[in-house]
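The structure under discussion appears below in the form of structure tokens.
What follows is the structure in structure tokens.
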């Protein structure tokens, strides 16, 4: 039974019990549909019914035993018997298990399809007890997200829409989260923002999104590349929350019609965490995105990034060269900067002069001279590069090549005895060549200066605690690029979900395709061959393993799922003979 059908049943129970007038019940039903939440949630939060009163009434009329989850002690292992995503989506909560009987708290005891599915997946008979969806969500948070309870308490304090920030707040750039709960006199808004930041760092999120809509505000964290909802603060407090973040980032709290960018730092458990803040006006208010740059999560070791042996060998050979250009390409958030920092860290020595030009400087590395680009002050990538070349550098790292002037200076630096590391936005390694030519660089200069181009993606790693075996049709596996032997013998796994992971995944690793340029490929570049021709030749000549192939190899090892490989990589549009040649390229001589 769908949630809307169950809401209608709840409405009939209220009408029969004559608890509320029919017209008032109809208003609550309409509001529940409008806000896309359950009728019981609306009745408790905005109606005049107590949670226990509503639960007791429904239990007596629906002939299901009620349970108060607030006073219930939960066994985490029993709760994890049902995947977190399933429990959250269908509002079900395992309470206890005795032999083959599982006591299950449900918000809708008549959802036959879901209950049959749970009987099959758990192998148990179900003993149903009744709760409300909000109570089940809070109970799930106690198991899967222990820090949420404190945040919910703060949100309770924020219930008064009159809470405002003092614009003269002096706590702007340095926030000590080690004492986050110490000051009981802090504004609830200050506490809320602090706790959001604290929870995001603890969850190893890369971004915090605060998104205003017509009647609600949604707070989401991006973790392992995927956004998930964390909280819904009251819409009336949106301006106060945004103002607090603006104060921390030294932005203009009075300006609400133009985009603003800023930054701030915090201290957490003895380490410094940097934040980049972007504020964007939308039709329903200002949206805020905070990028978290936590140096404590930076691997700074090529061995820990998850590269294939062949790709790792190619990359190390490239960064060991005395001069030339190495490019790491991929979309935003694909880990390009981490790979470059790890490369710099590996070759860093007192004998060499390392200089970087970045926007922004994401991580500070001792021994490296890092330059922050500032368009407002007139310090651009190209301008900084000209000055850097007069600083007697050995290794130059450019955060991103964005224009023709910058790439021309970078190529000249690579041809005059400097090792240049940089990033570019292209889909794969071979497309990097045509991208540079399209930017106005002569093909001969591209071929002469470039040592290696590579493309990178980040793939989510399956949780080792809960991943489960899965089968797949052989024809499907052949179609996505596996060999006949691999498709026949493949042992694949799928995500399940437990308290130790996010929906079956825990952490990410890098997929990297590397294409070192040999004489054959350089000749093709000079002749103006297409990216596909260059890619086909590189695979045929055992010069590279494609991103899709790297993903499939990790799926065969049980590191990730087939679904994740298909999500993060594009198919190889190469001939079957060329695809077969990829197998030989996996062997490192």
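Numbering (the working numbering), first residue to last: 1 to 589. All residues carry an ideal CB built from backbone N, CA and C; glycine is no exception.
query, result
"Reduced DSSP category for residue 537 - H, G, I as helix; E, B as strand; rest coil", "helix"
"Residue 84 and residue 503 closer than 8 Å at C-beta", "yes"
"8 Å Cβ cutoff met for residue 324 and residue 450", "yes"
"Cβ-based burial, residue 109 [other Cβ within 10 Å; buried from 16]", "buried"
"Secondary structure of residue 109, DSSP reduced to three states", "coil"
"Span of the alpha helix (DSSP H), counted from its first residue to its last, around residue 425", "No alpha helix (DSSP H) holds residue 425; DSSP gives it neither H nor E."
"Close Cβ partners of residue 420 (< 6 Å) along its chain, the five nearest in sequence each way excluded", "325, 396, 410, 413, 414"
"Local conformation of residue 240 per DSSP, three classes", "helix"
"Residue 406 at chain D interface by Cβ criterion, 8 Å", "In the structure shown, chain D does not exist; there is a single protein chain."
"CB-CB length for residue 51 against residue 44, believed under 8 Å", "5 Å"
"Check whether residue 357 and residue 373 have beta carbons under 8 Å apart", "yes"
"CA nearest to the CA of residue 327, picked from 446, 241, 236, 367", "446"
"Any non-hydrogen atom of the ligand COA within 7 Å of residue 472 CB", "Judged by which ligands are present, the structure shown has none, so any question about the ligand COA falls away."
"Neighbourhood of residue 256 by C-beta, 7 Å cutoff - its chain only, sequence neighbours within 5 removed", "281, 286"
"Own chain, CB closer than 6 Å to residue 314, minus 5 neighbours either side, in chain order", "514, 516"
"Outcome for residue 336 when other beta-carbon atoms lying within 10 angstroms are tallied against a minimum of 16", "buried"
"Residue 595 versus 429, 473, 455, 401, residue with shortest Cα-Cα distance", "Outside the displayed span of the chain (1 to 589) sits residue 595, for which this structure offers no information."
"Cβ shell of residue 6 (< 7 Å), same chain only, five flanking positions each side left out", "108, 110"
"CB of residue 348 within 8 Å of CB of residue 367, strictly", "yes"
"Sequence-distant residues of its chain with Cβ nearer than 7 Å to residue 205 (five each side left out)", "221, 222, 223, 292"
"Cutoff 7 Å; reference residue 470; Cβ partners in own chain excluding five residues on either side", "492, 493, 494"
"Counterpart residues of residue 213 in DSSP-defined beta bridges", "In DSSP, residue 213 forms no bridge with anything."
"Inter-residue Cα distance where the pair is residue 498 and residue 75", "13 Å"
"For residue 253 and residue 316, the rounded distance between their alpha carbons", "48 Å"
"Sequence ranges, alpha helix (DSSP H) only - wholly within the stretch 375 to 399, length at least 4", "381 to 389"
"Nearest to residue 448 (by Cα), restricted to the options 460, 433, 462", "433"
"For residue 567, the three-state DSSP class (helix, strand or coil)", "helix"
"Pair within 8 Å by beta-carbon distance, residue 305 and residue 444", "no"
"Opening and closing residue of the beta strand (DSSP E) in which residue 281 lies", "271 to 282"
"Residue 480 (DSSP reduced to helix, strand or coil)", "coil"
"Extent of the continuous beta strand (DSSP E) run through residue 505", "505 to 516"
"Same chain only: Cβ atoms within 7 Å of residue 270, ignoring 5 sequence neighbours per side", "none"
"Euclidean distance between Cα positions of residue 142 and residue 279", "32 Å"
"Distance between residue 531 and residue 355 (C-alpha atoms, nearest Å)", "32 Å"
"Limits of the alpha helix (DSSP H) - the one that residue 345 falls within", "336 to 347"
"Which of helix, strand or coil DSSP assigns to residue 525", "helix"
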